[in-house]
Amino acid sequence: MALQEIIDRLTEKHESPSISISFNTYVTNPDREKNAITLKNLIKEAENRIVEEFGKRDAAEVLEKLANLPDTVADHQLSKSLHIFISKDTEELVSSPWEVENESVSIDDSFALRPLIKAMNRTKDYMILTVAQGGAHLYEALNDTISKEIVNDDFPFDANPLEVSGSDANKIENRLKEYFNQIDKAAVAVHNENKLDVVVIATEPNYAMLMEVADVPKMYVAHQTKNYDQSEADKMAKDAYESIENLQKEERTAAIGELKQAVSSGQVLTDLQDIYQAAIDGRGELLITLQDFEQPVKMTSDRTFDLADDAKEAGVVDDIVSTIAWNVISKGGRSYFTAQEELEDLGKIVLKVRY
């Protein structure tokens, strides 16, 4: 299930207590042994806070789920971090290819989705199209890892079956264009189904010809000229992902520039309470937050709060930033977490509003 869909579903849950646990995980020995120790400590922290705030009897079902977590996690496929969401009616485990800065337990009347929102910002599904003398292959990739090779009625392509020898340069070029046109149409057909962008790996002349015949050129978001053989798929994905990361950084930089331009028109909010109210009202168009900025609060009404020092204190919302970010996203806005210093000129959290 796509991360966006998981976040959509979890954000609709409002139960007390809602427990969110996030921690880094390891997939190889001997580090893998740390997973059980970390989980045990976080479960203990959650249990103590639940018992103190709700009592054993009222929270019996949730406490039972916490007690069974070690067995549940043992059967779950791990990556670089694991995010666990538990309430009376919910039990969701989500692995992420990104480490978390802070391993944490959050207990509230809704789930702490900040780690998933950050992962969604940084996680990219895309395709890699390789075009070489031996033919064309199309792959699906997630970040720096190949998910699968696309194999259908079109892919993979064999070497150009059209005759391209001889002295008639125009005829040779036309036959090459026809071959690249077939590759493009096949790639577009897959793109129309999965809506994924494409990184092209090809020589400069081949890439230029592909762009010349492309029906949807904007789907080809990056290009690399390195050569790989079929045994180097992992290396190919890591190099392709560098292009994706550069695009993501450019996107964040452009978003910061957009915020700065909006200051003069009075569309930018930097006060946390104003940002929260605009976000829940659906006015948030673009939210950018410094990567490590978190703020616990104590709600004084549906629309107002006081800042709190201790996120673990009873009745405190562990991190209002998570709530703000999801309100912006769920109401059609954009949200980014960044470590880029350009944002600090405006503040730790900044919102551009629609009106």
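Quick note, our numbering runs 1044 ahead of the 1-based positions in the sequence shown. Just so you know, even glycine gets a beta-carbon here, dropped at the ideal spot from N, CA and C. Please read all numbers here as calculations on a predicted model, not as lab measurements.
Open item on the list: Alpha carbons only, please: which of A1230, L1220, I1216 is nearest the one belonging to N1196?
Closed with: Nearest of A1230, L1220, I1216 to N1196, Cα basis: A1230.
Open item on the list: Under 8 angstroms, with one C-beta from each stretch per pair, do the region 1118 to 1135 and the region 1047 to 1065 reach the 3-pair mark?
Closed with: As far as the Cβ criterion goes, the region 1118 to 1135 touches the region 1047 to 1065, which means the pair count is three or higher.
TODO: Would you mind sorting K1239 into buried or exposed? The rule is 16 or more other CB atoms within 10 Å of its CB.
DONE: Exposed: under 16 other Cβ atoms inside 10 Å.
Task: Host beta strand (DSSP E) of H1127 (start-end) - done: Counting along the chain, the beta strand (DSSP E) containing H1127 begins and ends at 1125 to 1130.
Task: Per-residue burial, R1347 [other beta carbons within 10 Å of its own, 16 or more giving buried] - done: Around the beta-carbon of R1347, fewer than 16 other beta-carbon atoms lie within 10 Å, marking it exposed.
Task: N- and C-terminal bounds of the alpha helix (DSSP H) containing A1266 - done: DSSP places A1266 outside any alpha helix (DSSP H); the residue lies instead in the beta strand (DSSP E), whose first and last residues are 1264 to 1268.
Open item on the list: Taking the alpha carbon of E1217 as the reference point, which residue from A1252, D1198, V1361 has its own alpha carbon closest?
Closed with: Cα-wise, what sits closest to E1217 is A1252.
TODO: Return the residue from the list V1117, D1169, S1150, S1060 that minimises the CA-CA distance to Q1048.
DONE: Distance from the Cα of Q1048 is smallest, within the candidate group V1117, D1169, S1150, S1060, for D1169.
- [ ] Any chance you could list the beta strand (DSSP E) runs of at least 3 consecutive residues sitting entirely within the region 1045 to 1081, in chain order?
- [x] Qualifying beta strand (DSSP E) stretches, in chain order: 1062 to 1068.
- [ ] Go ahead and pull the three-state DSSP assignment for R1296.
- [x] In this structure, DSSP gives R1296 a helical state, which the three-state scheme calls helix.
Open item on the list: On the CB-based measure, 16 or more other CB atoms within 10 Å of its CB, does P1261 come out buried or exposed?
Closed with: P1261 should be labelled exposed.
Open item on the list: Quick check on DSSP: helix, strand or coil for R1327?
Closed with: Three-state DSSP puts R1327 in coil, outside helix and strand.
- [ ] Return the bridge partner residues of S1150 from the DSSP annotation.
- [x] BP columns for S1150 point to S1064.
TODO: Check the C-beta distance from K1396 over to V1312 and give it rounded, since I have them as a contact under 8 angstroms.
DONE: Correct: roughly 6 angstroms between the Cβ atoms.
Task: Which of helix, strand or coil DSSP assigns to A1090 - done: In the structure shown, A1090 sits in a helix (DSSP, three-state: H, G or I).
- [ ] Using the Cα positions of W1142 and R1219, report the straight-line distance between them to the nearest angstrom.
- [x] Rounded to whole angstroms, the gap between the alpha carbons of W1142 and R1219 is 45 angstroms.
Task: As assigned by DSSP and simplified to three states, the class of T1382 - done: Three-state result, T1382: strand.
- [ ] Please report the Cβ distance between P1061 and I1151, rounded to the nearest whole angstrom; I am assuming they are in contact, meaning their Cβ atoms lie under 8 angstroms.
- [x] Between P1061 and I1151, the beta carbon gap of about 5 angstroms places them in contact (Cβ cut-off 8 angstroms).
TODO: State the Cα-Cα distance for the pair I1324 and K1282, rounded to the nearest angstrom.
DONE: Cα to Cα, the separation comes out at about 39 angstroms.
TODO: Answer yes if the region 1359 to 1371 comes into contact with the region 1148 to 1165, meaning at least three C-beta pairs across the two stretches below 8 angstroms, and no otherwise.
DONE: In this structure the region 1148 to 1165 touches the region 1359 to 1371; the number of beta carbon pairs closer than 8 angstroms is three or more.
Task: Among K1109, D1362, H1235, Y1264, nearest to V1341 - alpha-carbon criterion - done: With distances taken between CA atoms, V1341 lies nearest to D1362 out of K1109, D1362, H1235, Y1264.
Open item on the list: Between which residues of its own chain and T1297 is the CB-CB distance below 8 angstroms, once the five residues before and five after are set aside?
Closed with: Answer for T1297: Q1384, E1386, listed in chain order.
TODO: Starting from Y1251, trace the alpha helix (DSSP H) both ways and give me its first and last residue.
DONE: Here the alpha helix (DSSP H) through Y1251 covers 1248 to 1257.
TODO: Indicate the three-state DSSP secondary structure (helix, strand or coil) for T1348 in the structure shown.
DONE: Of the three classes helix, strand and coil, the one that applies to T1348 here is coil, per DSSP.
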